[in-house]
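Here our numbering is used: the first residue of the sequence shown is 1, the next is one more, and so on.
Glycine included, every Cβ here is placed at the ideal spot set by N, Cα and C.
All of these numbers come straight from a predicted model, not from anything done at the bench.
Taking it in order: structure first as structure tokens, then the write-up.
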Amino acid sequence: MPVRLSLPGLAAPCPRTSQDGTTERPFAMPVEFLGIAATGDGSETNVRTTPAFDRDYTLRLARAHEEYGWDRVLFAYGSGSPDPAPGAAYLAAKLDTLQILLAHRPNVSYPTFAAKTFATLDRISNGRLTVHFITGGNDHEQQREGDFLTKDQRYARTREYIEIVKKIWTSHEPFDHEGEYYRFNDFVADVFPVQKPRPDVSFGGSSPAAYAAGGAEADIYCLWGEPLAQTAEQIEKVREAALAAGRTDTPRIQVAFRPVIAPTEELAWEKAHRTVDAIKARKADGPARHRRPGNGRPGAWTPENAGSQRLIEIAEAGERYDRALWTPTAAATGGGGNSNALVGTPETVAQALLDYYDLGVEILSARGYDLLDDAIDFGRYVIPIVREEVAKRDAERVAAQAAEEAERERDRQQLIAVQA
Ligand SMILES: Cc1cc2nc3c(=O)[nH]c(=O)nc-3n(C[C@H](O)[C@H](O)[C@H](O)COP(=O)(O)O)c2cc1C
Numbered sequence: 001m002p003v004r005l006s007l008p009g010l011a012a013p014c015p016r017t018s019q020d021g022t023t024e025r026p027f028a029m030p031v032e033f034l035g036i037a038a039t040g041d042g043s044e045t046n047v048r049t050t051p052a053f054d055r056d057y058t059l060r061l062a063r064a065h066e067e068y069g070w071d072r073v074l075f076a077y078g079s080g081s082p083d084p085a086p087g088a089a090y091l092a093a094k095l096d097t098l099q100i101l102l103a104h105r106p107n108v109s110y111p112t113f114a115a116k117t118f119a120t121l122d123r124i125s126n127g128r129l130t131v132h133f134i135t136g137g138n139d140h141e142q143q144r145e146g147d148f149l150t151k152d153q154r155y156a157r158t159r160e161y162i163e164i165v166k167k168i169w170t171s172h173e174p175f176d177h178e179g180e181y182y183r184f185n186d187f188v189a190d191v192f193p194v195q196k197p198r199p200d201v202s203f204g205g206s207s208p209a210a211y212a213a214g215g216a217e218a219d220i221y222c223l224w225g226e227p228l229a230q231t232a233e234q235i236e237k238v239r240e241a242a243l244a245a246g247r248t249d250t251p252r253i254q255v256a257f258r259p260v261i262a263p264t265e266e267l268a269w270e271k272a273h274r275t276v277d278a279i280k281a282r283k284a285d286g287p288a289r290h291r292r293p294g295n296g297r298p299g300a301w302t303p304e305n306a307g308s309q310r311l312i313e314i315a316e317a318g319e320r321y322d323r324a325l326w327t328p329t330a331a332a333t334g335g336g337g338n339s340n341a342l343v344g345t346p347e348t349v350a351q352a353l354l355d356y357y358d359l360g361v362e363i364l365s366a367r368g369y370d371l372l373d374d375a376i377d378f379g380r381y382v383i384p385i386v387r388e389e390v391a392k393r394d395a396e397r398v399a400a401q402a403a404e405e406a407e408r409e410r411d412r413q414q415l416i417a418v419q420a
């Protein structure tokens, strides 16, 4: 965790407003990279050639992330997809340093059971687990596994669920719980996480109910990549919600993109256009259950989740934003989660990512379309540039801080001299 100081007025990125109105700014704001722990080789552009859970592919992809400088990988959750928890255990046992972000939907488990699963995984991985709590943005997808609550009810349930899981992770005394969604008596776990006080809680969503629940409970708040202005708006909403919940800190922010990189700008843009053509072709030919009404045409179909609605609106308003953000990949998927591209050379994409870092984003999530090759290329060519630039910014910040302190000390000495 970064060191945080209460230093009003110090120029640094990522100001955090605490309850007493002072601004907390980290001396150093580290950057982290999140990739994908896919268990098969399919993507929006590529027909899967492996089984849904392919042991070798899962390990090869994760190992590439570990070898090429990524910090963590996401095991996503889908109703019919392989269960991510045993997948996470498999990777944790095979790899040494890569951290795991495990997506989990509260509707598929009881919180006492889930808390033990997470604690056990944190033991297996020796403290490398973060849990991403998914509320579910789509009624139909939730109903596939028997969840018939409305979205706002689901957010209330997620909040209660996270509170219970946190308590189980940290409580060594048996306790009863009587809430809106869960009731149990005399529970205490016998397995506790390695991480103290507990593993981080990650959370995503872009509706008012999401900001309220995640602002209150999340250590990491995840957003899908949007233009800088809209991202800043959402970060503000998360911070306001955290304050409203009585927190003195705010969640770290994570933003997700689909980078399309090539050695020259021209080649990158050609690749981006080929990517959109491939997404459209695959959608048209794909199994009916993957097709959405309107087949990705803007305005033809409205997803239920606010995050996807925002992506569609942004794509309808323009194709290019800021330094390298490109929306046709999002439009072609009908506002699918994490679908906006960053297009350009590694240098351009790295600078675009640094724009988000300067906005206060600490975790950069990226996933290509050829999952393995793109994870290697991004790790080899983009991550080192971003890390180097972040290190420079940190050094400048520390130097500015030291200069400011030296000046204050000079003023103090002068005052003493005058008084004497
Ligand atoms: C970075 C990120 C990752 C997500 N991963 C998953 C996932 O693996 N499975 C899933 O069903 N939903 C996933 N979601 C969806 C959210 O957890 C949430 O259910 C949805 O965005 C809520 O919709 P809202 O925008 O209307 O609040 C993810 C969201 C974000 C931002």
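Fill in: Whole-number beta carbon distance between L34 and Q254, since they are thought to touch under 8 Å
Here residue 254 corresponds to residue number 254 of the sequence shown, with the count starting at 1. Here residue 34 corresponds to residue number 34 of the sequence shown, with the count starting at 1. Yes, Q254 and L34 are in contact; Cβ-Cβ is about 7 Å, under 8 Å.
Worksheet item: Three-state secondary structure (DSSP) at Q414?
Response: Numbered from its first residue, the sequence shown carries residue 414 at position 414. Looking at Q414 - three-state DSSP - the assignment turns out to be helix.
Worksheet item: Considering only residues of the region 293–375, which uninterrupted beta strand (DSSP E) runs meet the minimum length of 3 residues and lie entirely inside it, listed in chain order?
Response: 341–344, 361–366
Worksheet item: Sorry if obvious, but does the Cβ on T135 come closer than 6 Å to a heavy atom of ligand 1?
Response: Position 135 of the sequence shown, counted from the start, is the residue given in the question as residue 135. Yes, since a heavy atom of ligand 1 falls inside the 6 Å radius drawn around the Cβ of T135.
Worksheet item: Any heavy atom of ligand 1 within a distance shorter than 6 Å of the CB on G204?
Response: Locating residue 204 in the sequence shown gives position 204, counting from the first residue. Checking the Cβ of G204 against ligand 1 gives yes.
Practice prompt. Would you decide whether K196 is buried or exposed? Buried here means 16 or more other CB atoms lie within 10 Å of its CB.
Written response: Within the sequence shown, residue 196 is the residue found at index 196, counting from 1. K196 should be labelled exposed.
Worksheet item: Can you name the start and end residues of the alpha helix (DSSP H) that I168 belongs to?
Response: The residue labelled residue 168 in the question sits at position 168 within the sequence shown. Here the alpha helix (DSSP H) through I168 covers 151–170.
Item to complete: Output the boundary residues of the alpha helix (DSSP H) element that contains Q142.
Response: Sequence index remark: in the sequence shown, residue 142 carries index 142 (1-based). It spans 139–143 - the alpha helix (DSSP H) in which Q142 sits, taken as one unbroken run.
Discussion item. Along the chain, where does the alpha helix (DSSP H) containing A64 start, and where does it finish?
Written reply: Start at 1 with the first residue of the sequence shown, and residue 64 comes out as number 64. Counting along the chain, the alpha helix (DSSP H) containing A64 begins and ends at 55–67.
Item to complete: For I261, write down the residues that DSSP places opposite it in a beta bridge.
Response: Taking the sequence shown and counting its residues from 1, the one referred to as residue 261 is at position 261. DSSP output for I261 lists G344 as bridge partner(s).
Discussion item. Along the chain, where does the alpha helix (DSSP H) containing V238 start, and where does it finish?
Written reply: Against the sequence shown, residue 238 aligns to sequence position 238. It spans 228–244 - the alpha helix (DSSP H) in which V238 sits, taken as one unbroken run.
Discussion item. Can you tell me whether I134 is helix, strand or coil according to DSSP?
Written reply: Taking the first residue of the sequence shown as 1, we reach residue 134 at position 134. Residue state, collapsed to three classes: coil.
Discussion item. I need the DSSP call for A406, collapsed to helix, strand or coil.
Written reply: Locating residue 406 in the sequence shown gives position 406, counting from the first residue. Looking at A406 - three-state DSSP - the assignment turns out to be helix.
Worksheet item: Do S79 and R144 come within 7 Å of each other at the CB atom, strictly closer than that value?
Response: For the purposes of this step, residue 144 is identified with residue 144 of the sequence shown, where counting begins at 1. For the purposes of this step, residue 79 is identified with residue 79 of the sequence shown, where counting begins at 1. Yes; because the gap between Cβ atoms is below 7 Å, this pair is in contact.
Discussion item. Cutting at 6 Å between CB atoms, please list the residues of its own chain near K271, excluding the five before and the five after it.
Written reply: Translated into positions along the sequence shown, residue 271 becomes position 271. Around K271: V260, A262.
Worksheet item: Is it a yes or a no for the region 160–171 touching the region 322–338, going by three-plus beta-carbon pairs under 8 Å?
Response: no
Worksheet item: Would you say the beta carbon of S43 comes nearer than 6 Å to a heavy atom of ligand 1?
Response: On the sequence shown, position 43 is the one that residue 43 refers to. Result no, Cβ not under 6 Å from ligand 1.
Practice prompt. Could you pull out every residue in the same chain whose Cβ sits closer than 7 Å to the Cβ of Y181, ignoring the five residues on either side in sequence?
Written response: Numbered from 1 along the sequence shown, position 181 holds the residue referred to as residue 181. Excluding positions up to five away in sequence, the list reads R157, E160.
Discussion item. So if DSSP puts A103 in a beta bridge, which residue, or which two residues, is it bridged to?
Written reply: For this step, residue 103 is matched to residue 103 along the sequence shown. Answer is H132.
Worksheet item: Which residues in the same chain as N185 place their Cβ atom closer than 7 Å to its Cβ, once the five residues preceding and following it in sequence are excluded?
Response: Residue 185 sits at position 185 when you count from the first residue of the sequence shown. The answer, listed in chain order, is D176.
Practice prompt. Output the distance between the C-alpha atoms of Q414 and A406, rounded to the nearest integer angstrom.
Written response: To locate residue 414, count along the sequence shown from 1; it is residue 414. To locate residue 406, count along the sequence shown from 1; it is residue 406. Cα to Cα, the separation comes out at about 12 Å.
Fill in: Reference W70; option with closest CA among N46, D322, I100
Locating residue 70 in the sequence shown gives position 70, where the first residue counts as 1. Measuring from the Cα of W70, the nearest candidate turns out to be I100.
Item to complete: Output the boundary residues of the beta strand (DSSP E) element that contains R491.
Response: Limits of the chain in this structure are 1 at one end and 420 at the other, which puts residue 491 out of reach.
Fill in: Strand pairing of I220, partner residues [DSSP]
Here residue 220 refers to the residue found at position 220 of the sequence shown. According to DSSP, I220 bridges with S202, R252.
Discussion item. I'd like the list of long-range same chain contacts for V343, defined as Cβ closer than 7 Å, with 5 residues on each side in sequence excluded.
Written reply: For the purposes of this step, residue 343 is identified with residue 343 of the sequence shown, where counting begins at 1. For V343, where only same-chain residues beyond five positions count, the Cβ hits under 7 Å are V260, A268, W269, A272, A324, W326.
Fill in: Anticipated Cβ contact below 8 Å, H424 with V131, distance rounded
Outside the shown range of the chain (1 to 420) lies residue 424, about which nothing can therefore be said.
Discussion item. Just to confirm the assignment: which complete alpha helix (DSSP H) runs, minimum length 4, are found wholly within the region 69–124?
Written reply: 84–94, 111–124
Item to complete: Report yes if the C-beta of N107 is less than 6 Å from at least one heavy atom of ligand 1; otherwise report no.
Response: For the purposes of this step, residue 107 is identified with residue 107 of the sequence shown, where counting begins at 1. Every heavy atom of ligand 1 is 6 Å or more from the Cβ of N107, so no.
Worksheet item: Any chance the CB of S207 is under 6 Å from a heavy atom of ligand 1?
Response: On the sequence shown, position 207 is the one that residue 207 refers to. Under cutoff, so the answer is yes.
Fill in: Residues of its chain near V194, where Cβ-Cβ distance is below 7 Å and the 5 sequence neighbours each way are ignored
Working through the sequence shown from its first residue, we reach residue 194 at position 194. Counting only Cβ-Cβ distances below 7 Å, and skipping sequence neighbours, we find D122, R123, N126, G127.
Discussion item. Between which residues of its own chain and R63 is the CB-CB distance below 7 Å, once the five residues before and five after are set aside?
Written reply: Counting from 1 along the sequence shown, the entry for residue 63 is found at position 63. Excluding sequence neighbours, R63 sits near L95.
Discussion item. Taking only three categories from DSSP, how would you classify E32?
Written reply: For the purposes of this step, residue 32 is identified with residue 32 of the sequence shown, where counting begins at 1. E32: strand per DSSP, three-state reduction.
Worksheet item: Distance, Cα to Cα, E217 vs D152?
Response: Stepping through the sequence shown from its first residue, residue 217 is reached at position 217. Stepping through the sequence shown from its first residue, residue 152 is reached at position 152. Roughly 16 Å separates the two Cα atoms.
Worksheet item: Does the region 81–92 touch the region 35–53, meaning 3 or more C-beta pairs lie closer than 8 Å?
Response: yes
Worksheet item: So what's D394 in DSSP terms, helix, strand or just coil?
Response: Along the sequence shown, read from residue 1 onward, the residue named residue 394 stands at position 394. DSSP places D394 in helix when its eight states are reduced to three.
Worksheet item: What residues in its chain sit with their C-beta under 6 Å from that of I383, if we drop five residues either side in the sequence?
Response: Here the question's residue 383 lines up with position 383 in the sequence shown. Only F33, G69 meet the Cβ criterion.
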